[in-house]
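A.B. asks:
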Amino acid sequence: MISLRNVSKAYPTGVSALRNIELEIGKGEFTFLVGPSGAGKTTLLRLLFREEVPTSGSVIVNGHDVGRMRRQQIPYLRRQIGVVFQDFRLLPQRNVAENIAFALRVIEVHPREIRRRVGQVLELVGLTDRATALPAQLSGGEQQRVALARAMVGRPVILLADEPTGNLDPQNAQDMMKILLEINRLGTTVVMATHAAHLVDRARQRVVAMEDGAIQRDALAAAYHEEVSR
Amino acid sequence: MRLRTWAFCLSEASQNLLRNPVLAIASITTTAVSLLVLGVFLLLSVNVNSIATSIESQVAVRAFFAHQTAESQELAELQTVRGWQGVRSASLVTKDQALSQLKKEFGKQGQVLETLGTANPLEDSLSVTAQKPADVKPLAVRLSHLAGIVHTTYQSSVVSRLFALINGVRVVGLAIGVLLLIGSLLVITNAIRLGIAARRREIGIMRLVGATEALVHWPFILEGLILGGIGAVVASGLSFWSYVAVYHDAVHSLPFLPLVSPSPIPRDIALLLLLLGILLGAIGFRISVRRLARI
Ligand SMILES: Nc1ncnc2c1ncn2[C@@H]1O[C@H](COP(=O)(O)OP(=O)(O)OP(=O)(O)O)[C@@H](O)[C@H]1O
Ligand SMILES: [Mg+2]
């Protein structure tokens with residue numbers, strides 16, 4: 000599903016954000032990206048939805064060679080990928096349902112189908128009764144769930160989450176984590192960059208630990224910190 | 000794109016306009032005013048041209064034959080001149096006709112001419128009028144080279160003054176019009192740029208969820224077309240209908256003034272203004288599109 004071969008990324012500023020990354024993520028996997036600030040987690044995610052191109056190496060996502068794809072193809076890659084960020088990036092003047100529907104309207108889905116799917120994802124994130132609320136009338140946790148619903152309404156095969164719980168209190172963070180695991184259980188490949196050690200420890204999923212742009216550890220059913228066997 | 004997607008783009012465009020109504024009105028007004036100025040000068044220019052043509056075609060070139068030129072030769076050359084390009088009319092004025100014309104012009108004072116008795120000091124001549132004012136001078140030169148012609152005259156000062164006036168009107172009008180057009184282009188470009196800035200987040204999300212670049216661009220293209228288009232419709236309509244009014248008024252009160260009839264030329268000028276306004280909107284978008292790429 001996701002395959003990075005000898006990928007390096009240097010920003011125009013000269014910062015070398017990724018160095019010789021080798022990473023394979025299979026269909027249906029749940030993967031945590033962890034590591035200190037500046038390790039390159041966000042950069043790696045940005046390569047996956049073609050927000051950035053690798054300086055060298057190849058990035059293959061769902062069969063697309065992301066680094067070499069033509070500009071006109073980018074929208075079609077992105078329709079297969081859902082993305083959520085630490086800041087929720089909702090449109091303040093549109094209500095919850097409209098925010099979610101927006102993602103389908105701009106890819107020309109039929110209105111009847113939009114209504115059906117918006118109903119489904121609202122149920123998935125537990126916000127059916129807040130459909131007509133404006134983002135400003137929602138708590139942070141609810142706003143992030145709207146953002147998640149918007150990322151999922153296009154039925155992506157991959158969900159990328161960059162510190163999705165970074166702005167949430169512990170309870171909301173745990174609720175969000177539960178929904179992400181549920182989404183993964185339903186078949187979506189999930190890659191989540193996070194600093195939330197307790198969430199990683201409790202989920203027992205694959206953990207890819209990065210430092211200084213390189214992968215330092217890659218373990219299945221792992222914890223946030225390296226576990227030393229006694 | 001589907002019809003409902005066009006509707007979406009149009010609603011996004013109109014939201015941009017409503018978000019900043021002062022700038023929208025400024026764009027429309029400056030476009031309308033600059034196109035109107037351009038239109039007025041174009042209309043003025045074609046009419047001055049038409050008036051000049053009519054005056055000029057009344058100015059005849061006179062080519063005088065040498066004394067005692069045979070009438071058959073004179074008639075032959077009259078035929079030749081009639082065949083030339085740019086000649087509206089040509090006629091032979093015998094010295095007898097010239098004399099009686101002169102007597103008529105002198106009127107009561109015509110008695111002075113009686114002193115001539117039967118002698119006639121005048122010569123036969125060709126009176127030639129041109130189709131276009133610009134043809135007058137070359138025509139005079141050409142006539143002077145004809146066999147038997149000793150000299151030619153025409154009222155050259157009228158011609159050159161008219162040309163200077165026409166060119167002056169054209170240059171001044173075009174310069175003012177173009178300057179104003181550049182001004183309104185800047186205002187339109189600014190309006191679109193502000194719209195882009197205000198919709199930064201929305202554009203980011205559109206790209207994130209896989210909207211095509213066409214769909215990202217169209218609301219702003221429409222915004223430009225609306226801004227330029229409304230100004231153009233105002234300028235085009237105003238210039239055309241007020242010209243029609245002036246024209247109909249002039250037909251009655253100043254029937255001798257050869258104004259250009261509203262169709263086809265003034266109508267085409269109005270259409271030109273319309274196209275220019277729309278083009279202005281399109282160029283405004285083209286200039287701001289780099290902002291869009293940077294989001
Ligand atoms: N757009 C950019 N231009 C230049 N340098 C950048 C850019 N984005 C990130 N960097 C640099 O690349 C390196 C990796 O940044 P990145 O954002 O990928 O780290 P991160 O692991 O996501 O960090 P955090 O946990 O703080 O989000 C850092 O040194 C950062 O300063
Ligand atoms: Mg980051």
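Taken in order, these protein sequences are the chains called A and B.
In case it helps, numbering that gives the first Met the number 0 puts the first sequence at residues 0 to 229.
In case it helps, numbering that gives the first Met the number 0 puts the second sequence at residues 0 to 294.
Every residue gets a Cβ at the ideal spot worked out from N, C-alpha and C, and that includes glycine.
Since this is a predicted model, take the numbers as computed values, not measurements.
Return the chain-ordered list of same chain residues with a C-beta closer than 8 Å to the C-beta of ILE202 (chain B), the five sequence neighbours on each side being excluded.
C.D. replies: Here residue 202 (chain B) corresponds to residue number 203 of the second sequence, with the count starting at 1. Within the same chain, ILE202 (chain B) has close Cβ partners ILE195, VAL215, LEU291 and ILE294.
A.B. asks: Taking only beta-carbon atoms, is PHE40 (chain B) less than 8 Å away from chain A?
C.D. replies: Taking the first residue of the second sequence as position 1, residue 40 (chain B) is located at position 41. No, its Cβ sits nowhere closer than 8 Å to a Cβ of chain A.
A.B. asks: LEU207 (chain B) versus chain A: which residues are under 7 Å apart at the beta carbon?
C.D. replies: As a first step, residue 207 (chain B) is located in the second sequence; it is residue number 208 there, counting from the start. Per Cβ cutoff of 7 Å: ARG77 and VAL82.
A.B. asks: Name the one or two DSSP bridge partners that ALA192 (chain A) has.
C.D. replies: Along the first sequence, read from residue 1 onward, the residue named residue 192 (chain A) stands at position 193. Its beta-bridge partners are A:LEU32 and A:ASP161.
A.B. asks: Just the C-alpha distance for TYR10 (chain A) and ALA213 (chain A), rounded to the nearest angstrom, thanks.
C.D. replies: Counting from one through the first sequence, the residue named residue 10 (chain A) turns up at place 11. Counting from one through the first sequence, the residue named residue 213 (chain A) turns up at place 214. So the two alpha carbons sit approximately 15 Å from each other.
A.B. asks: Nearest CA to the CA of GLY39 (chain A): which residue from A:ALA16, A:GLU23 and A:ILE59?
C.D. replies: To locate residue 39 (chain A), count along the first sequence from 1; it is residue 40. Selected option, being the one with the closest Cα: A:ALA16.
A.B. asks: Return the bridge partner residues of PHE63 (chain B) from the DSSP annotation.
C.D. replies: Counting from 1 along the second sequence, the entry for residue 63 (chain B) is found at position 64. DSSP, once it has assigned bridges, lists B:SER124 and B:HIS150 as partnering PHE63 (chain B).
A.B. asks: Answer yes or no: does any C-beta atom of chain B fall closer than 8 Å to that of PHE87 (chain A)?
C.D. replies: Here residue 87 (chain A) corresponds to residue number 88 of the first sequence, with the count starting at 1. For PHE87 (chain A), the answer is no, since every Cβ of chain B falls outside 8 Å of its Cβ.
A.B. asks: Taking a Cβ distance cut-off of 7 Å, strictly less, list which residues of the stretch 61-77 of chain A are near chain B, in chain order.
C.D. replies: Of all residues in the stretch 61-77 of chain A, PRO74, TYR75 and ARG77 have a Cβ within less than 7 Å of some Cβ in chain B.
A.B. asks: With C-beta atoms as the reference, is VAL82 (chain A) less than 8 Å away from LEU159 (chain A)?
C.D. replies: Along the first sequence, one-based indexing puts residue 82 (chain A) at 83. Along the first sequence, one-based indexing puts residue 159 (chain A) at 160. Contact flag set, yes.
A.B. asks: Quick one: does GLY139 (chain A) have its CB under 8 Å from some CB of chain B?
C.D. replies: For the purposes of this step, residue 139 (chain A) is identified with residue 140 of the first sequence, where counting begins at 1. Answer no: the Cβ-Cβ gap between GLY139 (chain A) and chain B never drops below 8 Å.
A.B. asks: Per DSSP, which residues does HIS63 (chain A) bridge with? Please list them.
C.D. replies: Taking the first residue of the first sequence as 1, we reach residue 63 (chain A) at position 64. Its beta-bridge partners are A:VAL60.
A.B. asks: DSSP three-state call for SER7 (chain A): helix, strand or coil?
C.D. replies: Position 8 of the first sequence, counting from 1, holds the residue named residue 7 (chain A). Here SER7 (chain A) sits in strand by DSSP.
A.B. asks: Just to confirm the assignment, what range does the beta strand (DSSP E) spanning ARG198 (chain B) have?
C.D. replies: Locating residue 198 (chain B) in the second sequence gives position 199, where the first residue counts as 1. Note, ARG198 (chain B): premise wrong, no beta strand (DSSP E); not H, not E.
A.B. asks: Return the first residue and the last residue of the beta strand (DSSP E) that GLN173 (chain A) is part of.
C.D. replies: For the purposes of this step, residue 173 (chain A) is identified with residue 174 of the first sequence, where counting begins at 1. GLN173 (chain A) -> not in any beta strand (DSSP E); alpha helix (DSSP H) instead, spanning 169-184.
A.B. asks: Starting from ASN19 (chain A), follow the beta strand (DSSP E) in both directions and report where the run begins and ends.
C.D. replies: Within the first sequence, the letter at position 20 stands for residue 19 (chain A). Unbroken beta strand (DSSP E) run through ASN19 (chain A): 15-24.
A.B. asks: For SER7 (chain A), is the beta carbon positioned less than 7 Å from some heavy atom of ligand 1?
C.D. replies: Walking along the first sequence from the start, residue 7 (chain A) turns up at place 8. For ligand 1, not one heavy atom lies less than 7 Å from the Cβ of SER7 (chain A).
A.B. asks: Output the distance between the C-alpha atoms of LEU17 (chain B) and ILE24 (chain A), rounded to the nearest integer angstrom.
C.D. replies: Taking the first residue of the second sequence as 1, we reach residue 17 (chain B) at position 18. Taking the first residue of the first sequence as 1, we reach residue 24 (chain A) at position 25. So the two alpha carbons sit approximately 47 Å from each other.
A.B. asks: So which of A:GLN71, A:GLU28 and A:VAL33 has the shortest CA-CA distance to ARG49 (chain A)?
C.D. replies: Here residue 49 (chain A) refers to the residue found at position 50 when the first sequence is read from its first residue. The candidate whose alpha carbon is nearest that of ARG49 (chain A) is A:GLN71.
A.B. asks: What is the residue span of the alpha helix (DSSP H) that LEU221 (chain B) lies within?
C.D. replies: Start at 1 with the first residue of the second sequence, and residue 221 (chain B) comes out as number 222. Run containing LEU221 (chain B): 212-252, per the alpha helix (DSSP H) assignment.
A.B. asks: Collect the residues with a C-beta less than 7 Å away from any heavy atom of ligand 3 and give them in sequence order along the chain.
C.D. replies: No copy of ligand 3 occurs in the structure displayed; its ligands are ligand 1 and ligand 2 alone.
A.B. asks: Based on DSSP bridge pairs, tell me the residues matched to ILE214 (chain A).
C.D. replies: Locating residue 214 (chain A) in the first sequence gives position 215, where the first residue counts as 1. The partner list for ILE214 (chain A) (beta bridge, DSSP) reads A:MET209.
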